[in-house]
């Protein structure tokens, strides 16, 4: 799992993400996030990398 910054345009991505949520209800926003997670997971593909990412995300909640 790569934890080093790897964005080509992090600010641009964040702006597009915020724009995508503009005007959505909370439910629609949550659905958008879920769909985005699944699309990005499909791009990664590796079950081990995905498991590592889930674990790393969970660790940040503790």
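Residue numbers (the working numbering): 44 to 105. Glycine is no exception: its CB is placed at the ideal position from the N, C-alpha and C atoms. Treat the numbers as computed from the prediction; the structure is a model and nothing was measured.
Non-local beta-carbon contacts of residue 44 in its own chain, meaning distances under 7 Å to residues more than five positions away in sequence, involve 92, 95, 96, 99 in chain order.
Per DSSP, the continuous alpha helix (DSSP H) segment holding residue 83 begins and ends at 69-87. Per DSSP, reduced to three states, the secondary structure at residue 47 is coil, with no helix or strand assignment.
Where residue 104 is concerned, there is no enclosing alpha helix (DSSP H), because DSSP gives it neither an H nor an E. Rounded to whole angstroms, residue 67 and residue 60 show a C-alpha spacing of 12 Å.
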